[in-house]
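Here is the structure we will look at, set down as structure tokens.
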Amino acid sequence: MDAPAIGIIGAGTLGRALALCLKAHGCNVEVVSSRSAGSAEALAALLEGCRWASSPQEAADGSDVVFITTPDSAIAQVAGQVRWSSRHGVLHCSGAHTLDILQSAAHQGAAIGSFHPYQTFALVSSSEEAVQRFCGAGVAVEGDGWLAGFLENLAGRLGCRVVHVEARDRALYHASAVMSCGHLAALAKVVVDMWREMGVSEEEALPIIAPIMQSTLANIASGGVAASLTGPVVRGDGGTLGRHLDALEERLTDLAPLYRTLARQSLLAIASEPSSAMAEDLAGLLDDP
Ligand SMILES: NC(=O)c1ccc[n+]([C@@H]2O[C@H](COP(=O)([O-])OP(=O)(O)OC[C@H]3O[C@@H](n4cnc5c(N)ncnc54)[C@H](OP(=O)(O)O)[C@@H]3O)[C@@H](O)[C@H]2O)c1
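If you want it as structure tokens, here you go:
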């Protein structure tokens, strides 16, 4: 299929960024629908030549390739309420799910697939930002029949790196995405809590915290994980490690187990000889109290 009419069902965070990015790359985003007419109408208004539809069926009737970009919990229900035909390619963008949740469409002759960008689209506010977020991002692609080739081409057009994830690895794959993104933000929350304990607000602390986090991410991307590790574990400094643990146990007890867990991972990443005396001493300090 050369220039299929594309439909988006679910005008939320990803649906919006995907539609903007597809449009910016010259794809034919024809129709958008969503749970609420307001979301669909607002997104369609951003996309020249695109209209909004009042139901998933109307969106499907007006398109060849349909991206279901609802929350994971609604994908099977949306796919199940539409009459599909063999002309359709039907996709979900969930990281955790296999193609099983689209079986109702497959039973009606549609080609089914998934297109999961390993990227966050939170806070995307423009077409340019949407294009940037997709460019260089990994995308897990799966599709049957003609859809497989279509998705590989689409990923290339958007500048994404295609990855293939086995069905049995899907949950692990998605858990890794959450660790890379949501839990990174959770780690930032922990750091902010530590500053609050020192009497500094989040607003005041973020300009101090953000540069070191950004530099570390840049180091990881260019130099790898082991070269980017810093701190007392890497320096073999048991005295400082002990003082950190004492302070956390005394003032932010709930955070001490997380510190220990991450410090153990640092040790595993750098210890070429885990049985060396230094590594054993540090590991001893990191044992649960
Ligand atoms: N957010 C990301 O950065 C990201 C990244 C990669 C993959 N994903 C995947 O993308 C999918 C969507 O996630 P999201 O974060 O974009 O969710 P979201 O921001 O909550 O948006 C979901 C949209 O779906 C609409 N919707 C909900 N139930 C619906 C239904 N029954 N029928 C039609 N539309 C419905 C909502 O509509 P209304 O606004 O009309 O109420 C909402 O706009 C998920 O599979 C997620 O795993 C998201």
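One rule links them: number in my numbering = place in the sequence shown (from 1) + 159. Glycine included, every Cβ here is placed at the ideal spot set by N, Cα and C.
- Within 10 angstroms of the beta-carbon of Gln-424 lie fewer than 16 other beta-carbons, which makes it exposed.
- Proximity to Leu-365 across Ala-380, Ala-430, Ser-381, Lys-348 peaks at Lys-348, based on C-alpha coordinates.
- By the Cβ-count criterion, His-323 is exposed, with fewer than 16 other Cβ atoms from all chains shown falling within 10 Å of its own Cβ.
- A straight line joining the alpha-carbon of Gly-272 with that of Val-249 spans about 6 Å.
- Residue pairing by DSSP places Phe-274 opposite Val-300 in a beta bridge.
- With contacts defined as CB atoms closer than 8 Å, Ala-199 and Ala-170 qualify as a contacting pair.
- Following the DSSP letters along the chain, one finds Val-337 inside the alpha helix (DSSP H) bounded by residues 329 to 339.
- The three-state secondary structure of Glu-189, taken from DSSP, is strand.
- Annotation for Leu-250: no alpha helix (DSSP H) segment contains it, though the beta strand (DSSP E) segment containing it runs 248 to 251.
- For Ser-213, the Cβ stays outside the 7 Å cut-off from all heavy atoms of ligand 1.
- For ligand 1, no non-hydrogen atom lies closer than 7 Å to the CB of Gly-390.
- In this structure Trp-305 is exposed. Its beta-carbon is surrounded by fewer than 16 other beta-carbon atoms within 10 angstroms.
- By the criterion of a C-beta distance shorter than 8 Å, Leu-444 is surrounded in its chain by Gly-397, Leu-400, Gly-401, Leu-404, once the five residues flanking it on both sides are discounted.
- Boundaries of the alpha helix (DSSP H) harbouring Ile-371: 361 to 382, taken from the DSSP string.
- Ranking Ser-339, Thr-257, Glu-325 by CA distance to the CA of Ala-296 puts Ser-339 first.
- C-alpha of Ser-381 to C-alpha of Arg-355: approximately 32 Å in a straight line.
- Boundaries of the beta strand (DSSP E) harbouring Val-321: 320 to 322, taken from the DSSP string.
- The closest heavy atom of ligand 1 lies less than 7 Å from the beta carbon of Arg-194.
- The three-state reading of DSSP puts Phe-226 in strand, counting E and B together.
- Counting the other Cβ atoms within 10 Å of the Cβ of Gln-373 gives fewer than 16, which makes it exposed.
- Straight across, the Cα-Cα distance linking Lys-182 with Ala-219 is about 18 Å.
- Between ligand 1 and Asp-231, a heavy atom-to-CB distance of less than 7 Å is present.
- Between the alpha carbons of Ala-344 and Leu-313 lies a gap of roughly 30 Å.
- Note on Cys-294: under 16 other CB atoms within 10 angstroms of its CB, so exposed under the neighbour-count rule.
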